[in-house]
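Step one of this worksheet: look at the structure below.
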């Protein structure tokens, strides 16, 4: 779609004359920006066979209207599902299988597809109430699939949970379900006014059709042929109202909006670097958002942890086919109607994200390959001397003895306890890595107990019987990770978190390392040995239906027929079930158990955990980083897509400058500029490559003075904005609102935002438009309708609702403030310990009506559950008519905040200095009001943050 483009080549500090600014403002006010949009007609996606249907509208029964088919230039006349896709059939073979032959020259459209009678039909026992409807279905048209008998009967239950939430549950007898202790779904009560209608198609096959009541748009429709239930293969398809599809993961998506052209996305947790799209990676997130053509959003979550493929098909019949290795089909629909509301409803159901400690929002440094504690200390000190703000130093596996978790190598890292104490003394924190694999090689176990007296973690776990078992359910399963031979804790076992807490406590009190957070890595789970002929009998995987299922998703190395590549055998046993069923929950259970253990060991502190593997609900316990990325230009924009695609994870970020390969000056500097605004901001890289080549240091102070100066400046902006970030995290924790968000989330009615993934917003009011390509000194940024101001100098963007070309020399990342919002800020320092003691400020950004609004949440930054305990300060800010600003304390439950001051207020959007300015009725001195570029600054206020205040001024 063409978007009007306006070139406004400018940078911070330009256009200082008020008269010029005034003329520009008047010109913009009268400008009609034309955007050419492509009007799309909503197409009826129903079968060409007119269904008979029962309509259920809050318990009422009606006949559904016949559907019409719109002719389109496509070989399909409806959404189709491949029949017997394990091989290519010719027409004769296809039809002998009872399938339908589709004449097609399209390379991706399947030729052999299910006909309209393949699926299930109603058998008996139809029951219904005002909030729940269920049917017993019987098999129709498909007797077997992948050599397995299709179940004769299944049950479908539709439960209307609240006004905007709906559950659709298909299950056979004994279908495995994710247990409540893994993920218990919360259900809202609602007002009783449902925002959806449900119809049940009864012929030629059964289907559930959900429509949005306000628009009659069909948002979920399972009356597509090919519903199948076998023991190890479950399939269902649903039509979509549009191609505007987002989500699913974890993958290295290149773009936020999906390519619907018959793409297949496998979902199954895997230890693999994010080198390109299309492969399954660390997390499993079978959840998507679909934006209808009128901008209304629906989220759909399939609560199933089995491995699966998700197959997309495009217009004119957009649809999704799920091909799952087992379990039930447990769908939850969230109807928004805005994208933000849909996410809020989703997180209400799966659990709100944790409230992070304040210090975790600062800048983090890490490296894999530090040789000794002196090297780490040198890195920290050179960044201090360079004036680089840093809150957290991390320890990778280098500090451990023989890579045994919760040990310290007493030779290379002998001084680690004292170093961590030093970090604490200068206002910094230390986070350690804790991989799940527990070394059990007898010799190394004995050596570890000499290096670390009292260390018996493996033996303690063996006695507690909390390790993952082999297929026999008795023998501890063995694999190989960094310590060599390892066993794997079964974090689904109810006793594991207690055992884990004992060894966290050992590390803190016996190894004397007072760490502040845990980094849980390799928890897909990863195992380096899985099927080598040289392995001892205890470590191989047997050939059977679990390790080598009849249906193999398109996972990495799935063409081998082995589901267990680089992980635990699928026939291993865990407390929640066979590893085949719970594999993709391993990282989730690791986070859950670690969270419980940290609460026990450090009860006065919020647990801080960063996990590599995740599942819906993991954000209740942990932050997430995007894994072992590469120092390549192409991966820089992908990092933004990654944070968008994981809107179910809130404290999230990519390794700044790239983890693997050697970065370069320009790439690292541009990445530092972007990464400074990730919700989770960490620079991390490997020391060497597989070939032994050493990669250069990439911490900020390792570069030249110019790099250091630019990085220092951009990180100080982050630190200045941390009160705003923290308030956003509070909103995420309480209401499920996103922190980093695509423009689409704030402007869903603006179709131009639907494809934008090279810019992003922090909250509703702060936009980041980075340079993401080499040798570029300008950037094209799209600015939705409204007033937008340069963060640096307050200059208003010349054309909203259009693309603007912005100056972006190497020293600058373009940052803009949105009119109508007030952002709380604080004078920055080199760590949050000190910045939290400094004066606050406000950035008041006026909209076209000269109004603005915002608020601040503040507490001690580390105690658990301060909101529910009432131990916090909440302040509301409101500006009206461009003449009045009120500061109102909503809740005053944090006495320590009463000593904090507001020192400066900045007004964005004024074209001249205000006249007389009064604070609580007292007139300010003339020199307290000044212009800095296009920003009106009111300075030296010295008013208390935790008190009500009113500022008024006259406008000439």
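Numbering (the numbering used here), first residue to last: 90 to 1045.
Backbone N, C-alpha and C define an ideal beta-carbon position, used for all residues, glycine too.
The structure presented is a predicted model; accordingly, all values stated were derived computationally and were not measured.
- For residue 379, no alpha helix (DSSP H) run applies; the uninterrupted beta strand (DSSP E) run containing it begins and ends at 374-380, by DSSP.
- For residue 842, no alpha helix (DSSP H) run applies, since DSSP gives it neither H nor E.
- Judged by DSSP secondary structure, residue 216 falls within the beta strand (DSSP E) whose first and last residues are 208-217.
- Per DSSP, the continuous beta strand (DSSP E) segment holding residue 455 begins and ends at 452-457.
- Taking all protein chains in view, the Cβ of residue 787 is crowded by 16 or more other Cβ atoms within 10 Å, so the residue is classified as buried.
- Setting aside the 5 residues that flank it on each side, residue 458 is surrounded in the same chain by 485, 487, 775, 776 and 777, each with a C-beta closer than 8 Å to its C-beta; the list follows chain order.
- Cβ atoms of residue 523 and residue 607 come within 8 Å of each other, at about 5 Å.
- Leaving aside the five residues that flank residue 548 on each side, the residues in its chain whose CB is nearer than 8 Å to its CB run, in chain order, 534.
- For residue 290 against residue 312, the beta-carbon gap comes to about 4 Å, under 8 Å, which counts as contact.
- Residue 783 counts as exposed, since fewer than 16 other C-beta atoms from the protein chains shown sit within 10 angstroms of its C-beta.
- When secondary structure is reduced to three states using DSSP, residue 869 falls in the strand class.
- If you keep only unbroken beta strand (DSSP E) runs of at least 3 residues inside the segment 574-658, you get 606-609.
- The alpha-carbon of residue 835 is positioned some 45 Å away from that of residue 639.
- When the Cα atoms are used, residue 1001 and residue 1045 turn out to be separated by approximately 8 Å.
- Residue 913 sits in a strand when the DSSP states are folded into three classes.
- Shortest Cα-Cα distance from residue 642 to any of 329, 652, 634 and 635 involves 652.
- Bridge partners of residue 558 according to DSSP: 565 and 662.
- Here residue 614 is near residue 360, since their CB atoms are less than 9 Å apart.
- Burial check for residue 369: the Cβ neighbour count within 10 Å reaches 16 or more, so the residue is buried.
- According to the DSSP assignment, residue 796 belongs to the alpha helix (DSSP H) that extends over 794-824.
- The segment 661-681 makes contact with the segment 705-712, as at least three CB pairs between them are under 8 Å.
- Contact check for residue 873 against residue 887 fails: the beta carbons are separated by 9 Å or more.
- Secondary structure at residue 491: coil, using DSSP grouped into helix, strand and coil.
- For the 9 Å CB-CB criterion, residue 433 and residue 424 do not form a contact.
- Three or more Cβ pairs closer than 8 Å define a contact, and the segment 410-428 meets that threshold against the segment 295-312.
- Separation of residue 1006 and residue 1013 (C-alpha to C-alpha, rounded to the nearest whole angstrom) is 6 Å.
- Using a Cβ distance threshold of 9 Å, residue 968 and residue 975 count as a contacting pair.
- Judged by pairs of C-beta atoms under 8 Å, the segment 182-197 touches the segment 162-172, as three or more such pairs exist.
- Between residue 480 and residue 1036, the gap from beta carbon to beta carbon reaches 9 Å or more.
- Distance check between residue 963 and each of 816, 894, 1032 and 1026 places 816 closest, using alpha-carbon atoms only.
- Taking the CA atoms as reference points, residue 275 sits about 11 Å from residue 251.
- Distances from the CA of residue 358 to each of 867, 526 and 372 were compared; the closest alpha carbon is that of 372.
- For residue 267, there is no enclosing beta strand (DSSP E), as DSSP marks it with neither H nor E.
- Rounded to the nearest whole angstrom, the C-alpha separation of residue 261 and residue 870 is 51 Å.
- Within its own chain, the residues whose Cβ lies closer than 6 Å to the Cβ of residue 1032, once the five positions on either side in sequence are excluded, are 991 and 1038, listed in chain order.
- Beta-bridge partners of residue 247 (DSSP): 222 and 257.
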